[in-house]
Every structure is written in C-alpha cells, then in structure tokens.
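Asker:
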Amino acid sequence: MNSGQVHSGLIIVDKPQGWTSHDVVGRMRRLAGTRKVGHAGTLDPMATGVLVVGVNRATRLLTFIVGTSKTYTATIRLGESTLTDDAEGEVTGGSIAAAVTEQEIRTAITALTGEIQQVPSSVSAIKVKGERSYARVRSGEEVDLPARPVTVHRFEVHGIRRVNGGRLQDVDVTVECSSGTYVRALARDLGDALGVGGHLTALRRTRVGPYSIEQASTLEQLAGDLRILSLDDAGRALFPVRELTDAEATDVSHGRRIAPTEGAGTPVAAFSPDGTLVALLENRGGAARTALVFAPGGE
Numbered sequence: 014m015n016s017g018q019v020h021s022g023l024i025i026v027d028k029p030q031g032w033t034s035h036d037v038v039g040r041m042r043r044l045a046g047t048r049k050v051g052h053a054g055t056l057d058p059m060a061t062g063v064l065v066v067g068v069n070r071a072t073r074l075l076t077f078i079v080g081t082s083k084t085y086t087a088t089i090r091l092g093e094s095t096l097t098d099d100a101e102g103e104v105t106g107g108s109i110a111a112a113v114t115e116q117e118i119r120t121a122i123t124a125l126t127g128e129i130q131q132v133p134s135s136v137s138a139i140k141v142k143g144e145r146s147y148a149r150v151r152s153g154e155e156v157d158l159p160a161r162p163v164t165v166h167r168f169e170v171h172g173i174r175r176v177n178g179g180r181l182q183d184v185d186v187t188v189e190c191s192s193g194t195y196v197r198a199l200a201r202d203l204g205d206a207l208g209v210g211g212h213l214t215a216l217r218r219t220r221v222g223p224y225s226i227e228q229a230s231t232l233e234q235l236a237g238d239l240r241i242l243s244l245d246d247a248g249r250a251l252f253p254v255r256e257l258t259d260a261e262a263t264d265v266s267h268g269r270r271i272a273p274t275e276g277a278g279t280p281v282a283a284f285s286p287d288g289t290l291v292a293l294l295e296n297r298g299g300a301a302r303t304a305l306v307f308a309p310g311g312e
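Structure (structure tokens):
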C-alpha cells in the first residue's frame, strides 16, 4: 500500500535498537497519513523486535493485544548489577561469577519459572503517585515498587559462555511470559539468587500474542510498503469467531443484543456474511452484547 492513504489495521513492526516505542508510532503516523496510531505494549529503547501498531479503528484492538503473552530472546550477564537492570544503566554492584556452575544457573532459573511474585524494575514506566517510576529514580529518588504476580511460562537456557576474562558469564535464554512481566527483572533476580548480580545485555521480542517476528517488517521495509493487516484478519487472529446472519449483523451493527454465543468466555469477533468484522461480542445477562462496534449501522 502507498503511504499517505488512511487505513485501518495492524502493522507488525520489527523495532530497531535505540528507538522508543513512541518514536515508532511517530514514524507510522507519517507513513499512514493519520494521527490515530498507537502501539500494544512498550519496548525499551535497547530492545528490538515485535511491536504491534494499530492504525485508525484498529487502535481499539490494542487494549486486547496488550494483555496477551509475549516471547523474548535475551542475554543475561551474571557478575554485574546495573541501575536499570539492563546495559543502559551504570554498574552498581556485582561480584566475580567465574565459580557459578551451569547447574546452579539452571536451578535458579527453574525457581523463576511458573507463577511468581516479581518486583518490577524501578526504572520502569509504572506510575508512583502520578509520576513514572523511572523519572523518580533518575532524579535521585529511591523507589520501592511492590511485587506483583506474573507467570513465566518458559525460561529456557540456550547457551552459557564466559566473558571478560572469565569474570562474567553470559546466559542466552528464551522467555515466554504473561503480560506485565519484566525480563530485566528476571535478569536481576537471577543474578541476586546466585549472589553475583545480573543484568540484561540484549533483548528481542519475538512474539506478541498471535503475531511473530516472521510477520514483522523493518521501518525501511514499511516506508515502501505499509504491509497493513486488515481489521478483519486481526479479528480472526485474536479472538474466537462467530459468523453472523444478515439479520444478526444488522442488529449488532446498531448495538442491539442477539442470542448468546455458545461456550464463549472471552470477547468474540463477530463477522457479517461477507467476512467483515462487525463487532466484538460478550455474553452478559443471557444475551450477546456489543463490547466494541467496528461497522456501525448506517455507515
């Protein structure tokens, strides 16, 4: 598709290192020719990989995508702690990690897998009394964030190597986790559990919900072709599907209730007979009611 036109849909971006998620949104606004652009879950500037961007009506889907599970590849450096729990922060501590064994690393990783209580990185976007935690930390304030439940579905080691003359060890891992999990905090906690300190030196997000890095495009590629995924395709990828009759599609497009969707416990993407995403439906009060309408009646 040519830039300058106004579309609705999702763009799967392979975010480059050094860019903020906000930077990417700004670029997409220019390429899509619309101000109505948002993203589904921030990636730190140091990180690369999948950033799901919504354009126009598809921005209404982003809140559902934010809550999906994520997959990352990462490198954790053992032997150094940093202010930000990643390579962008100054080194604040640590000790020689040469004596740490592979079995000790794997045992500590097992303890960080499953349902855990995680204290987010203090240099995060979480708000504390109306101000971002990272802003408070960078102004010299000490911030203690409460632990919160997260789920680490998979925390797999792919390689361990000694660096810096053997004083440090780098651990290459894959992490599949629930929304709200900080991989930086996993690196910190792994180093703390081993008594040597740890931080993240590389992070690449390879999956967000149903969208993988194989579907992502670089900013250079998108400048020539927006590669926008239609609202209809997004609905089918993200939700259970209900095919409507013509009469049901008319009712739903006007926000009217229809018969409940059998066995549906989550929002359901409702499609008209011609394959157009009409709305998201939720079962409430013995009927299927509209949670979001994408094709309002009369348009």
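In my numbering, the protein residues as written are 14 to 312.
All C-beta atoms, glycine included, are put in the ideal place defined by N, C-alpha and C.
Just so you know, these numbers come straight off a predicted model, no measurement behind them.
Since I believe G62 is in contact with T219 (beta carbons under 8 Å), could you give me their beta-carbon distance rounded to a whole number of angstroms?
Answerer: 6 Å
Asker: Leaving out five residues on either side along the sequence, give the residues of the same chain with a beta carbon under 8 Å from the beta carbon of T72.
Answerer: Sequence-distant partners of T72 (beyond 5 residues in either direction) whose C-beta falls short of 8 Å from its own C-beta, in its chain, are K49, V50 and G51.
Asker: How big is the Cα-Cα spacing for T279 and A301?
Answerer: 11 Å
Asker: With the cut-off set at 7 Å, would you say D4 and T231 are in Cβ contact?
Answerer: Because the chain is modelled from 14 through 312, residue 4 falls outside the range shown and cannot be assessed.
Asker: According to DSSP, is F168 helix, strand or coil?
Answerer: strand
Asker: Where do the ends of the beta strand (DSSP E) carrying V50 lie?
Answerer: V50 to H52
Asker: Which residue's Cα is closest to the Cα of V79: V66, R297 and A87?
Answerer: V66
Asker: Could you name the residues that DSSP lists as bridge partners for E189?
Answerer: T84 and R167.
Asker: Going by DSSP, which residues form a beta bridge with L207?
Answerer: Looking at the DSSP assignment, L207 forms no beta bridge with any residue, so it has no partner.
Asker: Please list, in chain order, all residues of the same chain as L75 whose beta carbon is under 6 Å from its beta carbon, the five residues on each side excluded.
Answerer: G51, A53 and G67
Asker: Give me, in chain order, the residues of the same chain whose beta-carbon lies closer than 7 Å to that of G17; leave out the 5 immediate sequence neighbours on both sides.
Answerer: Its pLDDT being 45, under 50, G17 is placed unreliably by the model, and the measurement read from it follows with that caveat. So the qualifying residues of the chain are G46.
Asker: When the Cα of A110 is compared with those of I122, E101, E103 and S94, which residue comes out closest?
Answerer: S94
Asker: Would you call the CB atoms of Y224 and I25 closer than 7 Å?
Answerer: Going by C-beta atoms, Y224 is nearer than 7 Å to I25.
Asker: Looking at the structure shown, is T33 part of a helix, part of a strand, or coil, going by DSSP?
Answerer: Note: T33 maps to coil in three-state DSSP.
Asker: Is it right to say H212 is buried, meaning 16 or more other beta carbons lie within 10 angstroms of its own, or is it exposed?
Answerer: buried
Asker: What first and last residue would you give for the alpha helix (DSSP H) that runs through V79?
Answerer: L75 to V79
Asker: Would you kindly work out how many angstroms separate the C-alpha atoms of E312 and F284, rounded to a whole number?
Answerer: The predicted position of E312 is uncertain, since its pLDDT is 45 and thus under 50; no value can be drawn from it.
Asker: In angstroms, rounded to a whole number, what distance separates the CA positions of P58 and R197?
Answerer: 13 Å
Asker: Could you check where the beta strand (DSSP E) with I24 kicks off and where it finishes?
Answerer: G22 to K28
Asker: For A124 and A229, I'd like the C-alpha separation in whole angstroms.
Answerer: 33 Å
Asker: Please list the terminal residues of the continuous alpha helix (DSSP H) segment that includes E117.
Answerer: According to the DSSP assignment, E117 belongs to the alpha helix (DSSP H) that extends over E115 to A124.
Asker: What did DSSP end up calling S16 once you bin it into helix, strand or coil?
Answerer: Confidence is the limiting factor: at S16 the pLDDT is only 41, short of 50, which leaves the residue's position unreliable and the question unanswerable from this model.
Asker: How would you write the range of the beta strand (DSSP E) that G127 sits in, first residue to last?
Answerer: Unbroken beta strand (DSSP E) run through G127: G127 to Q131.
Asker: Following the continuous alpha helix (DSSP H) through T303, name the residue where it begins and the one where it ends.
Answerer: Element bounds for T303: not the alpha helix (DSSP H) but the beta strand (DSSP E), A300 to V306.
Asker: Just verifying my parser: in three-state terms, what is the DSSP assignment at P309?
Answerer: coil
Asker: How far does the alpha helix (DSSP H) with T105 in it extend, from its first residue to its last?
Answerer: No alpha helix (DSSP H) contains T105, which is instead part of the beta strand (DSSP E) from V104 to G106.
Asker: Please list the segments of the alpha helix (DSSP H) lying wholly inside the region 231-307, counting only runs of 4 or more residues, in order along the chain.
Answerer: 232-237, 244-251 and 259-266
Asker: Could you give the C-beta distance for V281 and R255, rounded to a whole number, given that I count them as a contact under 8 Å?
Answerer: For a cut-off of 8 Å, the C-beta gap from V281 to R255 is around 5 Å, short enough to register as a contact.
Asker: Output the distance between the C-alpha atoms of W32 and D238, rounded to the nearest integer angstrom.
Answerer: 20 Å
Asker: Report the three-state DSSP secondary structure of R180 (helix, strand or coil).
Answerer: Here R180 sits in coil by DSSP.
Asker: Taking 7 Å as the threshold (C-beta atoms), are T88 and D397 in contact?
Answerer: Past the boundaries of the shown model lies residue 397; the chain is included only from 14 to 312, so the question cannot be answered.
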